[in-house]
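Chains as they are written, first to last, in our numbering: chain A, 1 to 289; chain B, 290 to 603. Written below as structure tokens is the structure these notes are about.
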Amino acid sequence: MAAIAAGAAKANLQGRGSLRKLLLSRSARIGGMIVLIFVAMALLAPLLPLTDPLKSNFLAIRKPPSELYWFGTDELGRDQVSRLVFGAQASLLAGIISVAIALAVGVPIGLIAGWYGGWIDVVISRVTEALLACPFLILAIALAAVLGPSLTNAMIAIGLSFAPILIRLVRGQVLAIKNEEFVDGARAIGGGKLYILFRHVAPNTLSPIIVQSTLFMAQAIVLEAALSFLGLGQQPPSPSWGQMLNVAKNFMEQAPWMSVAPGVAIFLAVLGFNLLGDGLRDALDPKES
Amino acid sequence: MLALIGRRLLIAIPTLFLVSLFVFSLQRALPGDPFLVIAGEERDPEVIARLRQIYRLDDPIVVQFFAWLGQVIQGDFGRSLRTGEPVLGLIIQKLGVTFQLAVASMLVAVGIGIPAGIIAARRKDTLADYSASAVALFGLSVPHFWLGIMLILLVSVELRWLPASGFESIFSDPRAAIERLIMPAFVLGGGLAASLMRHTRSAMLEVLQSDYVRTARAKGLAEDAVINRHALRNALVPIITLSTILFGELLAGAVLTEQVFTIPGFGKLIVDAVFNRDYGVVQGVVLCTAIGFIAMNLLADVLYILVNPRLRDS
Numbered sequence: 001m002a003a004i005a006a007g008a009a010k011a012n013l014q015g016r017g018s019l020r021k022l023l024l025s026r027s028a029r030i031g032g033m034i035v036l037i038f039v040a041m042a043l044l045a046p047l048l049p050l051t052d053p054l055k056s057n058f059l060a061i062r063k064p065p066s067e068l069y070w071f072g073t074d075e076l077g078r079d080q081v082s083r084l085v086f087g088a089q090a091s092l093l094a095g096i097i098s099v100a101i102a103l104a105v106g107v108p109i110g111l112i113a114g115w116y117g118g119w120i121d122v123v124i125s126r127v128t129e130a131l132l133a134c135p136f137l138i139l140a141i142a143l144a145a146v147l148g149p150s151l152t153n154a155m156i157a158i159g160l161s162f163a164p165i166l167i168r169l170v171r172g173q174v175l176a177i178k179n180e181e182f183v184d185g186a187r188a189i190g191g192g193k194l195y196i197l198f199r200h201v202a203p204n205t206l207s208p209i210i211v212q213s214t215l216f217m218a219q220a221i222v223l224e225a226a227l228s229f230l231g232l233g234q235q236p237p238s239p240s241w242g243q244m245l246n247v248a249k250n251f252m253e254q255a256p257w258m259s260v261a262p263g264v265a266i267f268l269a270v271l272g273f274n275l276l277g278d279g280l281r282d283a284l285d286p287k288e289s
Numbered sequence: 290m291l292a293l294i295g296r297r298l299l300i301a302i303p304t305l306f307l308v309s310l311f312v313f314s315l316q317r318a319l320p321g322d323p324f325l326v327i328a329g330e331e332r333d334p335e336v337i338a339r340l341r342q343i344y345r346l347d348d349p350i351v352v353q354f355f356a357w358l359g360q361v362i363q364g365d366f367g368r369s370l371r372t373g374e375p376v377l378g379l380i381i382q383k384l385g386v387t388f389q390l391a392v393a394s395m396l397v398a399v400g401i402g403i404p405a406g407i408i409a410a411r412r413k414d415t416l417a418d419y420s421a422s423a424v425a426l427f428g429l430s431v432p433h434f435w436l437g438i439m440l441i442l443l444v445s446v447e448l449r450w451l452p453a454s455g456f457e458s459i460f461s462d463p464r465a466a467i468e469r470l471i472m473p474a475f476v477l478g479g480g481l482a483a484s485l486m487r488h489t490r491s492a493m494l495e496v497l498q499s500d501y502v503r504t505a506r507a508k509g510l511a512e513d514a515v516i517n518r519h520a521l522r523n524a525l526v527p528i529i530t531l532s533t534i535l536f537g538e539l540l541a542g543a544v545l546t547e548q549v550f551t552i553p554g555f556g557k558l559i560v561d562a563v564f565n566r567d568y569g570v571v572q573g574v575v576l577c578t579a580i581g582f583i584a585m586n587l588l589a590d591v592l593y594i595l596v597n598p599r600l601r602d603s
């Protein structure tokens, strides 16, 4: 009992310490601020005084950046600023949904593999290894090809290609803590296997999962952009940053500005999540810091 | 040593079997019937039935899988549904192109990443360290296909220094080949350089804090000798193995770079095959990538033992 209580108290103190470290981390602060700006942009897009991102204007085809069109217009005369702001919705949504899919698939399977061990662990580990042998992008392309080209299917493909990494991460965490004193304590007072797994073990795997999820967000944004760039993600006319680049590459000489803004947006969003991830790792993972 | 390699090879067999099962089921789930495209406008049912028979698509799925696996083991990856060419031949031909790109990118990655990591670690918390870390963060965050587009705009369209796209074999016309490889190699190798820089820096920092480095310094050895003879050798052990694994990743990363620079390589092959619903080619490419990846991991393990005397002797 004392071991469980001491474990909980230690976790609480560590939690407060981590939050303090996170707030003090410069990279986490800058990253968090960039992420917040993009989230606000995506959420407030419909309320901002912008033109319709889907509406063509044949009088303003491929206009260079000016006071009227800050980032210029595209091949159908649509304002790049408006498409960029609405494109943030697609990119962030792709990040959130694909990470949620990876968590929903990877965490329970990883918990089960680590906790139950035996043949269950062997089967799960072999399948995970096989999936990890296919590089991310190839796996995502193959899955997106099977599911068909669309933003939803790109998100599923990205999420599923992340899942094996989470399975391995969570399994490793469970193996590291399943024989700790507080788990033995919970067992001694008669806790059931599943109860101990979800009440005591799972919460202790959270820190690396949070860090990995933040870094996954960055990768998911790039992967969504990559799949859309290849024509396997967001389909026209709906805007996404990768899809804007896919169109822009056909007008590199005639309208170079079309390629600049979407790329900068992807870069900044990925940078934000990477910085936040680095800060979170320093704050939450004692080994790393 | 040989026993270890043998053991690793044995472990790779079930992994490869599962990969092939995965690849096979994935392609059988591809949307649309490719034979409708091949059969042409008239879509003669007899032609389609004959094609399905040739490709054994009417057999039970388990029979199809083992028939396919048996062929793959013998090096027969089937034929492209579009062109009728043997898939393995196509892959080998395209792999030659991508391999040249991958080697050039690796040179960029190792040539920039490792020295930058060493400098950053030696001058920890100085301007050099901060600059190298900032450039690495940029390299890890920038979407490489976009960087490729920007380079084409600046170097090819604006300055007209290098050709914007295309490929030339290094063996047929070295000058033209290098001109066409510089930008894609920089784009593809840049991200890896960032990753290598970070790993080298942290490996060097760890080694520089170790007892034997302190002893080497205490006995009055010059700093350069401490770094080159003691620290670097040990710090590079994990970096060599990481580089091997990264080389495998390069082959996959080439997909986007080849698309941007219109290089007719491995990556372009899979993208075209996906859009043409060319079952055999997609299957072959994914399987070859996985085999390459597993082989690179195996090579990394072997190299790790070879460069680490403690493991080599045991």
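By construction, the Cβ of each residue, glycine as well, lies at the ideal position given by its N, Cα and C atoms.
Discussion item. Does B:Arg-464 pass the burial test, meaning 16 or more other C-beta atoms within 10 Å, or should it be called exposed?
Written reply: exposed
Worksheet item: For B:Arg-412, which of helix, strand or coil comes out of DSSP?
Response: coil
Worksheet item: Taking Cβ positions only, does B:Leu-535 come closer than 8 angstroms to chain A?
Response: no
Practice prompt. Taking only beta-carbon positions, decide if A:Phe-229 is within less than 8 angstroms of chain B.
Written response: yes
Discussion item. Can you confirm whether the segment 383 to 400 of chain B touches the segment 346 to 353 of chain B when touching is taken to mean that 3 or more C-beta pairs between the two stretches lie within less than 8 angstroms?
Written reply: no
Practice prompt. Tell me, please, whether the segment 495 to 505 of chain B touches the segment 514 to 529 of chain B by the rule of three or more beta-carbon pairs shorter than 8 angstroms.
Written response: yes
Discussion item. Please report the distance separating the alpha-carbon of B:Thr-578 from that of A:Leu-284.
Written reply: 35 angstroms
Item to complete: Enumerate in chain order the residues of its own chain whose CB-to-CB distance from A:Lys-63 is below 6 angstroms, with the five nearest sequence positions on each side excluded.
Response: Tyr-69, Gly-72, Thr-73
Worksheet entry | Contacting residues, own chain, Cβ-Cβ under 7 angstroms from B:Val-575 (five flanking each side not counted) | Val-312
Worksheet item: Is the CB of A:Gly-159 under 8 angstroms away from at least one CB in chain B?
Response: no
Worksheet item: Is the shortest distance between the beta-carbon of A:Ser-289 and the beta-carbons of chain B less than 8 angstroms?
Response: Because the pLDDT at A:Ser-289 is just 43, under 50, the model does not fix this residue reliably, and the value given afterwards should be weighed accordingly. Not one chain B Cβ lies under 8 angstroms of A:Ser-289.
Practice prompt. Quick one: grab the DSSP three-state call for B:Arg-464.
Written response: helix
Worksheet item: Does DSSP put A:Asp-79 in a helix, a strand or coil?
Response: strand
Worksheet entry | Cβ-based neighbour list, B:Thr-539, same chain, cut-off 6 angstroms, excluding 5 preceding and 5 following | Before going further, note that residue 539 of chain B is Leu rather than Thr in the sequence given. Once the five neighbours on either side are set aside, the close Cβ partners of B:Leu-539 are Ala-391, Ser-394.
Practice prompt. Please determine, among A:Leu-245, A:Leu-54, A:Val-270, the residue with the shortest C-alpha to C-alpha distance to B:Val-549.
Written response: A:Leu-245
Worksheet item: Count the other CB atoms within 10 Å of the CB of B:Ile-401; is the residue buried (16 or more) or exposed (fewer)?
Response: buried
Worksheet entry | Span of the alpha helix (DSSP H) around A:Pro-164 | 151 to 177
Discussion item. Counting only Cβ pairs nearer than 7 angstroms, list the residues of chain B close to A:Gly-253.
Written reply: Per the sequence presented here, residue 253 of chain A reads as Glu, with Gly not at that position. Correct list: Val-446.
Item to complete: Evaluate A:Ser-289 with the Cβ neighbour count: other Cβ atoms within 10 Å of its Cβ, from every protein chain shown; 16 or more gives buried, anything less gives exposed.
Response: Reliability of the predicted coordinates at A:Ser-289 is poor, the pLDDT of 43 falling under 50, and the value obtained from them is presented with this limitation in mind. Classification of A:Ser-289: exposed, given that the 10 Å Cβ count is below 16.
Item to complete: Using a Cβ cut-off of 9 angstroms, pull out every chain B residue sitting near A:Val-99, in sequence order please.
Response: Going along chain B, no residue has its Cβ under 9 angstroms from A:Val-99, so there is no contact; the nearest lies around 17 angstroms.
Worksheet item: Around the C-beta of B:Tyr-568, are 16 or more other C-beta atoms found within 10 angstroms, so that it is buried, or is it exposed?
Response: buried
Worksheet item: Taking the runs of the beta strand (DSSP E) that are 3 residues or longer, which of them lie wholly in the segment 541 to 591 of chain B?
Response: none
Fill in: Closest residue to A:Ala-202 among A:Ile-189, A:Gly-190, A:Ile-167 (Cα-Cα distance)
A:Ile-167
Worksheet item: Name the residues in the segment 523 to 554 of chain B whose C-beta lies less than 9 angstroms from a C-beta of chain E; which are they?
Response: Checking the listed chains, one finds no chain E in this structure; the protein chains it contains are A and B.
Worksheet item: Quick one, which of B:Ser-484, B:Ile-467, B:Arg-412, B:Pro-375 has its alpha-carbon nearest B:Gly-428's?
Response: B:Ser-484
Discussion item. Please state whether the Cβ-Cβ distance between A:Gly-110 and A:Leu-169 is less than 8 angstroms.
Written reply: yes
Item to complete: Name, please, each residue of chain A whose Cβ falls closer than 7 angstroms to the Cβ of B:Val-431.
Response: Phe-267
Worksheet item: Would you say the segment 430 to 442 of chain B touches the segment 509 to 517 of chain B, given that touching needs at least three Cβ pairs under 8 angstroms?
Response: no
Item to complete: Measure from the C-beta of B:Trp-435 to each C-beta in chain A and report whether the shortest distance is under 8 angstroms.
Response: yes
Fill in: Opposing strand residues paired with B:Arg-368 [DSSP bridges]
B:Pro-375
Worksheet entry | Alpha-carbon to alpha-carbon, A:Ile-120 and A:Asn-305 | Because chain A is modelled from 1 through 289, residue 305 of chain A falls outside the range shown and cannot be assessed.
Worksheet entry | Entirely enclosed alpha helix (DSSP H) segments - the segment 452 to 539 of chain B, minimum 4 residues | 463 to 497, 500 to 507
Fill in: Residue environment, B:Gln-360, which counts as buried when at least 16 other CB atoms sit within 10 Å
exposed
Worksheet entry | Bounding residues of the alpha helix (DSSP H) (the contiguous stretch that carries A:Tyr-195) | 193 to 196
Fill in: Which of helix, strand or coil DSSP assigns to A:Thr-73
strand
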